[in-house]
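Asks: Dropping a structure here in structure tokens format, bear with me for questions.
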Amino acid sequence: MGQKRVFWLFVVLALVYILLNVFRPPEASSLSRGQITPDQVRLLRLTLTIPIIAIMFIGFYGFSKVKSYAEAVAESSEGPAFNKIAQGLLILALWIPITAIVRNTASYIAYSNPNYTEAAIIIRNYINVAMVLLSLYLLYQGSKLLIRRAKKVSLPSRGVFNAIFFILSVFFVYFTLANPNRQFPSKANSVAAYYLPDWLLIPTIIVPYLAALYFGLQAVQNILLYRYKVKGILYRQALARLANGMGVAVLALIAVGFLSAFTNFFNNVNLKVLLLIYYGLLIFVAIGYVLIALGAKKLHRIEEA
Amino acid sequence: MVKNGVIYDQLIDITEDYLGPAAERFIDRQIESHLDKHPGKLTREDLKKLTEWIRLSVAILTDDEKIIDGLTLKLRELSVNNSGG
């Protein structure tokens with residue numbers, strides 16, 4: 000898909016997101032939890048729409064810069080690697096508006112037609128996990144192609160990354176399965192987190208999410224290693240921003256995934272705090288994309304000199 | 000045409016320390032656009048002129064004089080070592 004088409008896709012998604020926020024009635028749970036009026040909920044939503052749309056377009060900007068660079072070096076051996084990374088970044092950038100739209104639609108369905116709540120939440124969770132998995136898998140594939148090009152490297156940090164993966168996996172599995180609200184709604188929360196029995200939750204949500212976590216951490220490790228091991232002072236300087244940006248964006252994305260696993264813990268937390276954490280993480284995704292765009296622009300300048 | 004000249008290879012080796020995987024593409028562009036010839040036809044007589052063009056192009060990429068001077072010095076050494084005089 001050409002960059003222009005992708006841009007217009009983002010415009011359409013932004014419009015859909017704005018319309019959903021303007022016309023969707025506020026949920027009762029939001030009103031009781033945050034102790035705010037329906038008008039305040041609408042105002043809060045509209046206030047939050049602007050930063051989300053800004054983050055969406057920052058995501059598109061980051062993707063477009065990496066895609067342009069990938070096209071500039073398409074004939075070289077790095078071309079396929081950067082192309083895969085651009086594809087992964089596109090899915091990750093699309094994940095922001097699509098999950099926002101799906102989340103709002105699911106909330107609206109749950110509010111206006113409670114019979115469809117289960118289906119809406121299940122579809123929302125599967126779209127979320129599928130996009131996260133696909134985006135991180137593509138980034139992992141691209142980073143793997145890059146690391147093959149670098150000098151033979153000893154990997155002392157593999158142990159550290161494996162330990163991080165193990166610890167995060169244990170936390171994720173524990174908090175997901177310890178959530179009493181995972182299959183059925185509770186008194187504290189009128190909507191269940193997954194509406195799936197454990198035998199289905201484990202293979203279709205937990206395992207794919209752990210795979211995404213693995214691919215994400217591996218991608219970050221590979222790109223950082225490539226940045227340290229590849230030859231070229233100026234090339235490394237340009238790549239540093241791209242590598243750091245990818246690290247920030249991927250880790251923030253993983254943290255957003257963890258947020259949903261910890262819903263039980265967050266039931267006792269004020270709605271404003273919950274939103275603050277969520278939007279804070281999205282800002283980190285945006286910071287990651289800005290760094291990615293700056294790095295890709297610098298790499299592209301080398302190809303134009 | 001095959002780009003297998005000794006001078007060309009030495010040029011790439013030096014430039015790789017600064018531009019990494021982009022070095023070969025960078026050198027090819029410099030030769031084609033400023034010397035108006037195919038990279039495979041690079042001769043030792045071209046090195047002096049090419050060094051100055053490379054210096055100018057690298058100065059666009061960085062303000063770090065150490066990097067610019069370091070690369071220029073290595074390229075000038077290559078030019079002197081291959082001058083045959």
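Sequence order for the protein chains is A and B.
If you use numbering that gives the first Met the number 0, the first sequence closes out at 304, no skipped numbers anywhere.
If you use numbering that gives the first Met the number 0, the second sequence closes out at 84, no skipped numbers anywhere.
From the three backbone atoms N, C-alpha and C, an ideal C-beta is built for every residue, glycine too.
1. Using a Cβ cut-off of 7 Å (strictly closer), state whether A58(B) contacts chain A.
2. Considering only C-alpha positions, which residue in the set I282(A), A192(A), S106(A) is nearest to L47(A)?
3. Using a Cβ-Cβ cut-off of 8 Å (strictly less than) and excluding sequence neighbours within five positions of P196(A), which residues of its own chain qualify?
4. In chain order, which continuous runs of the alpha helix (DSSP H) of length 4 or greater are located wholly inside the region 36-76 of chain B?
5. Give me the chain B residues within the contact set of R235(A), using Cβ-Cβ distance strictly less than 8 Å, ordered along the chain.
6. Give the residues of chain A in contact with I66(B), contact being defined as C-beta atoms less than 9 Å apart.
7. What residue range is occupied by the uninterrupted alpha helix (DSSP H) comprising N161(A)?
8. Using a Cβ-Cβ cut-off of 7 Å (strictly less than) and excluding sequence neighbours within five positions of I253(A), which residues of its own chain qualify?
9. Counting contacts by CB-CB distance shorter than 7 Å, is T50(B) in contact with chain A?
10. Out of V57(B), K73(B), R54(B), A21(B), point me to the one whose CA is closest to E302(A)'s CA.
11. Less than 7 Å separating the beta-carbons of A85(A) and Y139(A)?
12. Mapping the DSSP letters down to three states, classify Y194(A) as helix, strand or coil.
13. Residues of the region 23-35 of chain B in Cβ contact with chain A at a cutoff of 8 Å, in chain order, please.
14. Between which two residues does the alpha helix (DSSP H) harbouring V11(A) extend?
15. So with CB distances below 7 Å, who are the chain A contacts of T42(B)?
16. So which residues on chain A does T61(B) lean against when the C-beta distance must stay under 7 Å?
17. Within a Cβ cutoff of 6 Å, which residues of the same chain sit near P37(A), ignoring the five residues on either side of it in sequence?
18. Which residues of chain B have a Cβ atom closer than 9 Å to the Cβ of S75(A), listed in chain order?
19. Against chain A, with Cβ distances strictly below 7 Å, would E15(B) count as a contact?
20. Three-state secondary structure (DSSP) at T36(A)?
21. Do V128(A) and P207(A) come within 7 Å of each other at the CB atom, strictly closer than that value?
22. I need the DSSP call for N81(B), collapsed to helix, strand or coil.
23. Is the shortest distance between the beta-carbon of V169(A) and the beta-carbons of chain B less than 7 Å?
24. Counting C-beta neighbours from all protein chains within 10 Å, is the total for A119(A) 16 or more, i.e. buried, or is it exposed?
25. Check Q182(A) in the structure and name its three-state DSSP category.
26. When Cβ atoms are compared, which residues of the region 119-152 of chain A fall closer than 9 Å to chain B?
27. By the three-class DSSP mapping on this structure, what secondary structure does G58(A) have?
Replies: If we stick to the structure as given:
1. The sequence position of residue 58(B) within the second sequence is 59, counting from 1. Output row for A58(B): interface = no.
2. Sequence index remark: in the first sequence, residue 47(A) carries index 48 (1-based). The shortest C-alpha separation from L47(A) is found at I282(A).
3. To locate residue 196(A), count along the first sequence from 1; it is residue 197. Excluding positions up to five away in sequence, the list reads Q182.
4. 46-60
5. Taking the first residue of the first sequence as 1, we reach residue 235(A) at position 236. By Cβ distance, chain B contributes G19.
6. Start at 1 with the first residue of the second sequence, and residue 66(B) comes out as number 67. Within chain A, the residues near I66(B) are I232, L233.
7. To locate residue 161(A), count along the first sequence from 1; it is residue 162. It spans 157-176 - the alpha helix (DSSP H) in which N161(A) sits, taken as one unbroken run.
8. Indexing the first sequence from 1 puts residue 253(A) at position 254. Correct list, in chain order: L212, G215.
9. For the purposes of this step, residue 50(B) is taken as residue 51 along the second sequence, with counting starting at 1. Closer than 7 Å: no.
10. Taking the first sequence and counting its residues from 1, one reaches residue 302(A) at position 303. Measuring from the Cα of E302(A), the nearest candidate turns out to be A21(B).
11. Here residue 85(A) refers to the residue found at position 86 when the first sequence is read from its first residue. Here residue 139(A) refers to the residue found at position 140 when the first sequence is read from its first residue. No.
12. Reading the first sequence from its first residue, position 195 is the one you call residue 194(A). Note: Y194(A) maps to coil in three-state DSSP.
13. R24, F25, R28
14. For this step, residue 11(A) is matched to residue 12 along the first sequence. 2-22 is the span of the alpha helix (DSSP H), which, as asked, contains V11(A).
15. Residue mapping note: residue 42(B) aligns to position 43 of the second sequence, counting from 1. What T42(B) touches in chain A: nothing, since even the nearest Cβ is about 23 Å away.
16. To locate residue 61(B), count along the second sequence from 1; it is residue 62. Per Cβ cutoff of 7 Å: L233.
17. As a first step, residue 37(A) is located in the first sequence; it is residue number 38 there, counting from the start. P25, listed in sequence order.
18. Indexing the first sequence from 1 puts residue 75(A) at position 76. Within 9 Å Cβ-Cβ: P20, A21, E23, R24.
19. For the purposes of this step, residue 15(B) is taken as the residue at position 16 of the second sequence. True, the Cβ-Cβ gap to chain A drops below 7 Å.
20. The residue given as residue 36(A) occupies position 37 in the first sequence. Here T36(A) sits in coil by DSSP.
21. Taking the first sequence and counting its residues from 1, the one referred to as residue 207(A) is at position 208. Taking the first sequence and counting its residues from 1, the one referred to as residue 128(A) is at position 129. Going by C-beta atoms, P207(A) is nearer than 7 Å to V128(A).
22. Locating residue 81(B) in the second sequence gives position 82, counting from the first residue. Three-state DSSP puts N81(B) in coil, outside helix and strand.
23. Here the question's residue 169(A) lines up with position 170 in the first sequence. Judged by the 7 Å Cβ criterion, V169(A) is not in contact with chain B.
24. To locate residue 119(A), count along the first sequence from 1; it is residue 120. Its Cβ being crowded by 16 or more others within 10 Å, A119(A) is buried.
25. Position 183 of the first sequence, counted from the first residue, corresponds to residue 182(A). The answer is coil: DSSP assigns Q182(A) none of H, G, I, E or B.
26. R148
27. Within the first sequence, the letter at position 59 stands for residue 58(A). G58(A): helix per DSSP, three-state reduction.
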